[in-house]
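**Student:** Got a structure for you, written out below as C-alpha coordinates; questions coming shortly.
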Amino acid sequence: MEFEILSNIYAICKKKKVSEREISFLMGKDNKYFAKHINPFTKEQIMTEYLDSLRSIASTSFQRIVPNHVKAKETIDIVGTHYTYSDDTIEKIQYKFTVTYMDKTSKNFRWYIEIPKGERSVVNKELLEILKKMVTEKYFDTPKYALTIHLYLKKKYKSKFTALELQIALAKLCNAKAEPAYALKVSKDNMKDVYGR
963 MEFEILSNIY AICKKKKVSE REISFLMGKD NKYFAKHINP FTKEQIMTEY
1013 LDSLRSIAST SFQRIVPNHV KAKETIDIVG THYTYSDDTI EKIQYKFTVT
1063 YMDKTSKNFR WYIEIPKGER SVVNKELLEI LKKMVTEKYF DTPKYALTIH
1113 LYLKKKYKSK FTALELQIAL AKLCNAKAEP AYALKVSKDN MKDVYGR
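Residue numbers (the numbering used here): 963 to 1159.
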(Lines of atoms letter the chains of each structure in order from A and count residues from 1; the text may use other names and numbers.)
(Lines give C-alpha, C1' and ligand atoms only; values in the text may rest on other atoms or scores of the structure.)
Protein backbone atom coordinates (compact mmCIF):
# COMPACT_ATOMS: atom_id res chain seq x y z
CA MET A 1 0.00 0.00 0.00
CA GLU A 2 2.89 2.38 0.78
CA PHE A 3 4.15 1.95 -2.79
CA GLU A 4 0.71 2.64 -4.25
CA ILE A 5 0.38 5.80 -2.15
CA LEU A 6 3.76 7.11 -3.34
CA SER A 7 2.94 6.14 -6.92
CA ASN A 8 -0.39 7.98 -6.80
CA ILE A 9 1.18 11.08 -5.23
CA TYR A 10 3.96 11.04 -7.84
CA ALA A 11 1.43 10.85 -10.71
CA ILE A 12 -0.90 13.53 -9.34
CA CYS A 13 1.91 16.00 -8.58
CA LYS A 14 3.56 15.46 -11.99
CA LYS A 15 0.21 16.19 -13.65
CA LYS A 16 -0.19 19.37 -11.58
CA LYS A 17 3.46 20.35 -12.22
CA VAL A 18 4.37 20.34 -8.52
CA SER A 19 8.07 19.51 -8.21
CA GLU A 20 9.70 17.15 -5.73
CA ARG A 21 11.41 20.18 -4.19
CA GLU A 22 8.04 21.86 -3.60
CA ILE A 23 6.58 18.67 -2.10
CA SER A 24 9.57 18.41 0.25
CA PHE A 25 9.27 22.08 1.26
CA LEU A 26 5.54 21.78 1.98
CA MET A 27 6.22 18.63 4.02
CA GLY A 28 8.62 20.72 6.12
CA LYS A 29 11.70 18.84 4.93
CA ASP A 30 14.88 19.55 2.95
CA ASN A 31 14.76 20.00 -0.85
CA LYS A 32 15.67 16.38 -1.70
CA TYR A 33 13.52 14.66 0.93
CA PHE A 34 10.67 13.52 -1.33
CA ALA A 35 13.04 12.59 -4.17
CA LYS A 36 14.89 10.26 -1.75
CA HIS A 37 11.66 8.96 -0.25
CA ILE A 38 10.13 8.01 -3.59
CA ASN A 39 12.99 5.66 -4.54
CA PRO A 40 11.01 2.46 -5.28
CA PHE A 41 13.98 0.19 -4.61
CA THR A 42 14.31 1.19 -0.96
CA LYS A 43 10.64 0.35 -0.32
CA GLU A 44 10.35 3.13 2.24
CA GLN A 45 7.18 3.18 4.27
CA ILE A 46 5.19 6.38 4.14
CA MET A 47 4.45 7.57 7.66
CA THR A 48 0.76 8.06 8.33
CA GLU A 49 1.48 11.56 9.68
CA TYR A 50 2.31 12.65 6.12
CA LEU A 51 -0.88 11.37 4.48
CA ASP A 52 -2.94 14.45 5.31
CA SER A 53 -0.09 16.72 4.20
CA LEU A 54 0.29 14.86 0.91
CA ARG A 55 -3.44 15.06 0.28
CA SER A 56 -3.35 18.83 0.82
CA ILE A 57 -0.20 19.27 -1.28
CA ALA A 58 -1.75 17.34 -4.17
CA SER A 59 -5.12 19.11 -3.67
CA THR A 60 -6.95 15.83 -3.91
CA SER A 61 -8.99 13.37 -1.89
CA PHE A 62 -7.80 10.42 0.19
CA GLN A 63 -9.60 8.13 -2.26
CA ARG A 64 -7.25 9.21 -5.07
CA ILE A 65 -4.17 8.62 -2.90
CA VAL A 66 -4.94 5.59 -0.77
CA PRO A 67 -5.80 2.53 -2.88
CA ASN A 68 -8.79 0.41 -1.93
CA HIS A 69 -7.77 -2.54 -4.11
CA VAL A 70 -4.53 -3.34 -2.24
CA LYS A 71 -4.36 -5.21 1.04
CA ALA A 72 -2.70 -3.36 3.90
CA LYS A 73 0.20 -5.82 4.26
CA GLU A 74 0.38 -7.00 0.68
CA THR A 75 3.95 -7.42 -0.56
CA ILE A 76 5.16 -6.62 -4.06
CA ASP A 77 8.25 -7.44 -6.09
CA ILE A 78 10.05 -4.53 -7.71
CA VAL A 79 12.54 -5.33 -10.46
CA GLY A 80 14.24 -2.66 -12.53
CA THR A 81 17.00 -0.15 -12.85
CA HIS A 82 17.69 3.43 -11.96
CA TYR A 83 20.05 5.90 -13.53
CA THR A 84 21.43 9.10 -12.04
CA TYR A 85 23.02 11.89 -14.03
CA SER A 86 24.49 14.95 -12.40
CA ASP A 87 26.37 18.02 -13.59
CA ASP A 88 26.75 21.63 -12.39
CA THR A 89 23.20 22.60 -13.35
CA ILE A 90 20.96 19.58 -12.75
CA GLU A 91 20.62 16.16 -11.18
CA LYS A 92 18.39 13.71 -13.05
CA ILE A 93 17.13 10.44 -11.65
CA GLN A 94 15.34 7.97 -13.89
CA TYR A 95 13.59 4.86 -12.61
CA LYS A 96 12.46 2.06 -14.92
CA PHE A 97 10.86 -0.81 -13.08
CA THR A 98 8.18 -3.47 -13.06
CA VAL A 99 5.99 -4.19 -10.07
CA THR A 100 4.54 -7.68 -9.65
CA TYR A 101 1.62 -8.00 -7.24
CA MET A 102 0.59 -11.00 -5.16
CA ASP A 103 -2.04 -12.02 -7.74
CA LYS A 104 0.83 -12.28 -10.29
CA THR A 105 -0.32 -9.26 -12.31
CA SER A 106 2.42 -6.76 -13.15
CA LYS A 107 2.74 -3.15 -14.19
CA ASN A 108 5.60 -1.13 -15.72
CA PHE A 109 6.56 2.26 -14.32
CA ARG A 110 8.81 5.10 -15.50
CA TRP A 111 9.56 7.86 -13.01
CA TYR A 112 11.71 10.90 -13.82
CA ILE A 113 12.97 13.31 -11.21
CA GLU A 114 14.90 16.50 -12.01
CA ILE A 115 16.56 18.54 -9.30
CA PRO A 116 17.99 21.86 -10.55
CA LYS A 117 21.29 23.02 -9.05
CA GLY A 118 22.79 26.46 -8.68
CA GLU A 119 19.68 28.26 -9.91
CA ARG A 120 19.49 31.88 -8.99
CA SER A 121 16.41 32.32 -6.85
CA VAL A 122 14.30 35.28 -7.89
CA VAL A 123 12.08 36.63 -5.13
CA ASN A 124 8.47 37.38 -6.04
CA LYS A 125 8.30 40.96 -4.73
CA GLU A 126 4.52 40.99 -4.44
CA LEU A 127 4.58 37.84 -2.31
CA LEU A 128 7.43 39.22 -0.21
CA GLU A 129 5.38 42.35 0.55
CA ILE A 130 2.38 40.21 1.51
CA LEU A 131 4.55 38.15 3.89
CA LYS A 132 5.97 41.33 5.43
CA LYS A 133 2.42 42.55 6.04
CA MET A 134 1.61 39.18 7.64
CA VAL A 135 4.62 39.65 9.94
CA THR A 136 3.36 43.13 10.90
CA GLU A 137 -0.11 41.71 11.55
CA LYS A 138 1.47 39.13 13.91
CA TYR A 139 0.56 36.10 11.75
CA PHE A 140 3.97 34.59 12.51
CA ASP A 141 3.90 35.23 16.27
CA THR A 142 2.82 31.60 16.51
CA PRO A 143 5.18 29.50 14.33
CA LYS A 144 3.57 28.09 11.19
CA TYR A 145 4.32 25.12 8.93
CA ALA A 146 5.08 25.89 5.28
CA LEU A 147 1.96 23.99 4.22
CA THR A 148 -0.20 26.05 6.59
CA ILE A 149 1.18 29.29 5.11
CA HIS A 150 0.79 27.97 1.55
CA LEU A 151 -2.85 26.95 2.11
CA TYR A 152 -3.64 30.31 3.73
CA LEU A 153 -2.17 32.20 0.75
CA LYS A 154 -3.81 29.83 -1.72
CA LYS A 155 -7.23 30.51 -0.23
CA LYS A 156 -6.76 34.25 0.15
CA TYR A 157 -5.09 34.88 -3.21
CA LYS A 158 -6.75 32.17 -5.36
CA SER A 159 -3.64 30.00 -5.97
CA LYS A 160 -1.67 32.99 -7.22
CA PHE A 161 1.68 31.94 -5.72
CA THR A 162 3.57 28.67 -6.12
CA ALA A 163 5.16 26.71 -3.30
CA LEU A 164 8.58 27.48 -4.80
CA GLU A 165 7.88 31.22 -4.74
CA LEU A 166 6.84 30.89 -1.09
CA GLN A 167 10.00 28.93 -0.25
CA ILE A 168 12.20 31.61 -1.82
CA ALA A 169 10.34 34.49 -0.13
CA LEU A 170 10.47 32.80 3.29
CA ALA A 171 14.19 32.14 2.84
CA LYS A 172 14.66 35.87 2.20
CA LEU A 173 12.79 36.75 5.39
CA CYS A 174 14.82 34.18 7.35
CA ASN A 175 17.96 36.08 6.36
CA ALA A 176 17.99 38.57 9.23
CA LYS A 177 20.51 40.83 7.45
CA ALA A 178 18.36 41.14 4.32
CA GLU A 179 15.10 42.14 6.02
CA PRO A 180 15.89 42.85 9.71
CA ALA A 181 12.56 44.53 10.51
CA TYR A 182 10.62 41.51 9.26
CA ALA A 183 13.07 38.74 10.08
CA LEU A 184 11.66 35.26 10.64
CA LYS A 185 13.34 32.27 12.21
CA VAL A 186 13.06 28.71 10.99
CA SER A 187 12.99 26.04 13.68
CA LYS A 188 11.77 22.46 14.08
CA ASP A 189 8.44 21.24 15.39
CA ASN A 190 7.71 17.50 15.21
CA MET A 191 10.77 17.19 12.89
CA LYS A 192 9.24 19.67 10.41
CA ASP A 193 10.38 23.22 9.62
CA VAL A 194 8.25 25.99 11.10
CA TYR A 195 8.50 29.73 10.47
CA GLY A 196 7.95 32.28 13.22
CA ARG A 197 9.15 35.46 14.92
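Glycine included, every Cβ here is placed at the ideal spot set by N, Cα and C.
Restricting to Cα atoms, I'd like to know which of Leu1128, Leu1109, Gln1129 and Ser1021 is closest to Met989.
**Tutor:** Walking along the sequence shown from the start, residue 989 turns up at place 27. Of the candidates Leu1128, Leu1109, Gln1129 and Ser1021, the one whose C-alpha sits nearest the C-alpha of Met989 is Leu1109.
**Student:** What residues are listed by DSSP as bridge partners for Thr1060?
**Tutor:** Taking the first residue of the sequence shown as 1, we reach residue 1060 at position 98. In DSSP, Thr1060 forms a bridge with Val1041 and Asn1070.
**Student:** Count the other C-beta atoms from every protein chain shown that fall within 10 angstroms of the C-beta of Val1097, then say buried if there are 16 or more, exposed otherwise.
**Tutor:** As a working note, residue 1097 is residue 135 in the sequence shown. That one is buried.
**Student:** Per DSSP, which residues does Pro1078 bridge with? Please list them.
**Tutor:** Here the question's residue 1078 lines up with position 116 in the sequence shown. Paired residues: Ile1052.
**Student:** Report back the beta-carbon spacing between Val1084 and Phe965 to the nearest angstrom; my notes put them in contact at under 8 Å.
**Tutor:** Residue numbering aside, residue 1084 sits at position 122 when the sequence shown is read from its first letter. Residue numbering aside, residue 965 sits at position 3 when the sequence shown is read from its first letter. Contact doesn't hold; Cβ gap of about 37 Å is too wide.
**Student:** Can you list, in chain order, the residues of its chain with a C-beta nearer than 6 Å to that of Val980? Leave out the 5 residues immediately preceding and following it.
**Tutor:** Translated into the one-based positions of the sequence shown, residue 980 becomes position 18. So the list is empty, once near-sequence residues are dropped.
**Student:** State the DSSP-derived secondary structure class of Val1085, mapped to helix, strand or coil.
**Tutor:** By one-based count along the sequence shown, residue 1085 stands at place 123. Of the three classes helix, strand and coil, the one that applies to Val1085 here is coil, per DSSP.
**Student:** List the DSSP bridge partners of Thr1046.
**Tutor:** Start at 1 with the first residue of the sequence shown, and residue 1046 comes out as number 84. Thr1046 pairs with Ile1055.
**Student:** Taking the alpha helix (DSSP H) that Tyr972 falls in, what are its first and last residues?
**Tutor:** Counted from its first residue, the sequence shown places residue 972 at position 10. Residues Glu964 to Lys977.
**Student:** Report all residues from its chain with a CB closer than 8 Å to the CB of Phe1102; omit the five preceding and five following residues, and keep chain order.
**Tutor:** Translated into positions along the sequence shown, residue 1102 becomes position 140. If we look at Phe1102 and ignore the five residues flanking it on each side, its Cβ neighbours are Met1096, Leu1146, Tyr1157, Gly1158 and Arg1159.
**Student:** Decide yes or no for the touch test of the region 1050 to 1061 against the region 1012 to 1027: beta carbon pairs closer than 8 Å, at least 3 of them.
**Tutor:** With a cut-off of 8 Å, the region 1012 to 1027 and the region 1050 to 1061 do not count as touching, because too few Cβ pairs lie within range.
**Student:** Comparing alpha-carbon positions, which option in Ile1000, Ala1125 and Leu1113 lies nearest Gln1056?
**Tutor:** Position 94 of the sequence shown, counting from 1, holds the residue named residue 1056. Gln1056 has its Cα closest to that of Ile1000, out of Ile1000, Ala1125 and Leu1113.
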